[in-house]
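K.L.:
Have a look at this one.
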Amino acid sequence: MFEIKENISLKNYNTFRIDVKSRFFVECTSSKDIVDFLKTRKSPNLPLLVLGGGSNVLFTQDFDGYILRPSIKGIEIINESDVDITVRVGAGEDWDEFVAYCVERNWGGIENLSLIPGNVGTCPIQNIGAYGVEVKDVISEVETLNLSTLKSVNYKNNECEFAYRDSIFKQKLKGTHIITHVTFKLQKQLVFKLDYGKLKDELKRFDKVNLTNIRQAVIDIRDSKLPKPEEIGNAGSFFKNPVIEKPKAIELLSQYENMPSYDQGMGKVKIPAGWLIEKAGWKGRRIGSTGVHENQALVLVNYGGSSGSEIYKLATEIQKSVKNMFDIDIAMEVNIV
Ligand code: FAD
Ligand code: EPU
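One gets this note's numbering by counting positions in the sequence shown from 1 and adding 2 to each.
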């Protein structure tokens, strides 16, 4: 069963804590509920927006349509051997609670992705990543509901078009499919991923390397530099790290020898947008109640009372300023509504 609410404030449903209203708001706890809702809603021509934890959206105005939250729960073991375990998880499970659940059972693969806000159903959309791991490494299948046919359609890992902060769900299937479940293959014979320098350093404080300690080390690093959305409104990295041509990177390195850069192969180099934004003078700047975080320039913040359009305006000014200084375009990672 589901209940359609009207004129709901979205302030508690987005981590930027933007106070806009949605005309309609519905929470569905099963795929059947979603289908029933879609078949019976009174105004099928109004726009529909699927919302998970609201940690990667910026609302710039009231939403004149239906917000649908797929609150489908459940963690189900599909297959298990001595080597690995396959679990199917409802889209509405909290991502970090799922990570903790796996770490407790000694199932490896997502411990580096600890403390990322949001829902399990959203993790494939931008292929969440942190500390040397991307969720594509452990996803075997994504189950969706096609909004036009109301039929379920499953996408195997190799059909999801996963890339850095990208997937088929963020591109071709955006707005046309709802993710209802995600299936993960996790390791029981553990292989730790400790290539990310800061993580390796942080782990030196622990007496041994295991999933619990990796999770704790990741949490500690994140706590030291990322603002907590419960305290300061934000949506994590506002921009993606740009990937540029190697000759351009070499030219920049001759000018800024301390610029961090990561070779991506195929003549491409990734540059941290946080470094570019800091160099352009934005780090820690505050304009009214909107600002650029003092510890991580990639994170835009709402100190309280900002509107989505103020944050969006700041973001476009930062883009222009980085373009002027470095001739590099930085794309927004956050979904603008
Ligand atoms: P939402 O914000 O609710 O939705 C995001 C988009 O997905 C929207 O366009 C929405 O319409 C769509 N959507 C949501 N659910 C569904 C569904 N079931 N089916 C179809 N479409 C859907 N991300 C990283 O990758 N790495 C990080 O390290 C990281 N750190 C963060 C730190 C902080 C403090 C914050 C606030 C965010 C961070 N993020 C990070 C971004 C964010 O947590 C992830 O993108 C997360 O997966 C978003 O999940 P959500 O459920 O909150 O998505
Ligand atoms: N840096 C600066 N100034 C800053 C911020 C960063 O110079 O203000 C430099 C750092 O010194 C470091 C480099 O940039 O040399 C990279 O910084 P960091 O390790 O903090 O990572 P990031 O590239 O800024 C990315 C992800 C994060 C993820 C971390 C850890 C993107 C867009 N962001 O940030 O993801 O948690 O790596 O893996 O890829 C998110 O997507 O919301 C997010 C938080």
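Glycine included, each C-beta is placed from N, C-alpha and C at the ideal position.
With a CB to CB cut of under 8 Å and the five nearest residues on each side skipped, what residues in its chain are close to phenylalanine 4?
P.N.:
Answer for phenylalanine 4: Val28, Glu29, Cys30, Thr31, Asp35, Asp38 and Phe39, listed in chain order.
K.L.:
In three-state terms, what does DSSP make of arginine 207?
P.N.:
Here arginine 207 sits in coil by DSSP.
K.L.:
With 16 other CB atoms within 10 Å as the buried threshold, where does glutamate 233 fall?
P.N.:
Result: exposed.
K.L.:
In the DSSP assignment, what residue or residues form a beta bridge with glutamate 163?
P.N.:
Paired residue(s): none; glutamate 163 is not in a bridge.
K.L.:
With which residues is leucine 60 paired in a DSSP beta bridge?
P.N.:
Per DSSP, Ile338.
K.L.:
For glutamine 189, report the span of its beta strand (DSSP E) as first-last.
P.N.:
Per DSSP, glutamine 189 belongs to the beta strand (DSSP E) from 179–189.
K.L.:
Within the present structure, is the beta-carbon of tryptophan 97 separated from the nearest heavy atom of ligand 1 by less than 8 Å?
P.N.:
Flag set: Cβ of tryptophan 97 near ligand 1.
K.L.:
Can we count glutamine 298 as close to ligand 2, meaning its CB is less than 8 Å from some heavy atom?
P.N.:
Correct: glutamine 298 has its Cβ closer than 8 Å to ligand 2.
K.L.:
Could you give the C-beta distance for aspartate 21 and serine 33, rounded to a whole number, given that I count them as a contact under 8 Å?
P.N.:
Between serine 33 and aspartate 21 the Cβ distance is about 31 Å, and since that is not below 8 Å, they are no contact.
K.L.:
Quick check on glutamine 321: does DSSP put it in helix, strand or coil?
P.N.:
Correct three-state label for glutamine 321: helix.
K.L.:
Do isoleucine 279 and asparagine 114 come within 9 Å of each other at the CB atom, strictly closer than that value?
P.N.:
Contact flag unset, no.
K.L.:
Would you list the one or two residues that DSSP bridges to cysteine 30?
P.N.:
Paired residue(s): Pro72.
K.L.:
For valine 22, which of helix, strand or coil comes out of DSSP?
P.N.:
Of the three classes helix, strand and coil, the one that applies to valine 22 here is coil, per DSSP.
K.L.:
Just to confirm, is the Cβ distance from leucine 60 to asparagine 337 under 9 Å?
P.N.:
Yes, the pair counts as a contact, with Cβ atoms nearer than the cut-off.
K.L.:
Going by other Cβ atoms of all chains shown within 10 Å of its Cβ, with 16 needed for buried, is threonine 42 buried or exposed?
P.N.:
Exposed, since its Cβ has fewer than 16 Cβ neighbours within 10 Å.
K.L.:
Using the three-state DSSP reduction, which class does leucine 278 fall into: helix, strand or coil?
P.N.:
Of the three classes helix, strand and coil, the one that applies to leucine 278 here is helix, per DSSP.
K.L.:
Under 9 Å between the Cβ atoms of lysine 272 and tyrosine 166?
P.N.:
Yes, Cβ-Cβ distance for lysine 272 and tyrosine 166 is below 9 Å.
K.L.:
In angstroms with no decimal places, state the Cα-to-Cα distance between valine 155 and threonine 185.
P.N.:
Roughly 14 Å between the two C-alpha positions.
K.L.:
Shortest alpha-carbon distance to phenylalanine 240 belongs to which of Gly123, Ser308, Lys174 and Tyr314?
P.N.:
Residue Tyr314 is the option with its Cα nearest to phenylalanine 240.
K.L.:
Going by beta-carbon coordinates alone, are glycine 235 and phenylalanine 18 separated by less than 9 Å?
P.N.:
Against a cut-off of 9 Å, the Cβ pair of phenylalanine 18 and glycine 235 comes out as a contact.
K.L.:
Can you give the Cα-Cα distance for cysteine 125 and valine 85, rounded to whole angstroms?
P.N.:
Roughly 24 Å between the two C-alpha positions.
K.L.:
Please name the residue in Ala93, Thr292 and Ser323 whose C-alpha comes closest to that of tyrosine 305.
P.N.:
The residue with the shortest Cα to Cα distance from tyrosine 305 is Thr292.
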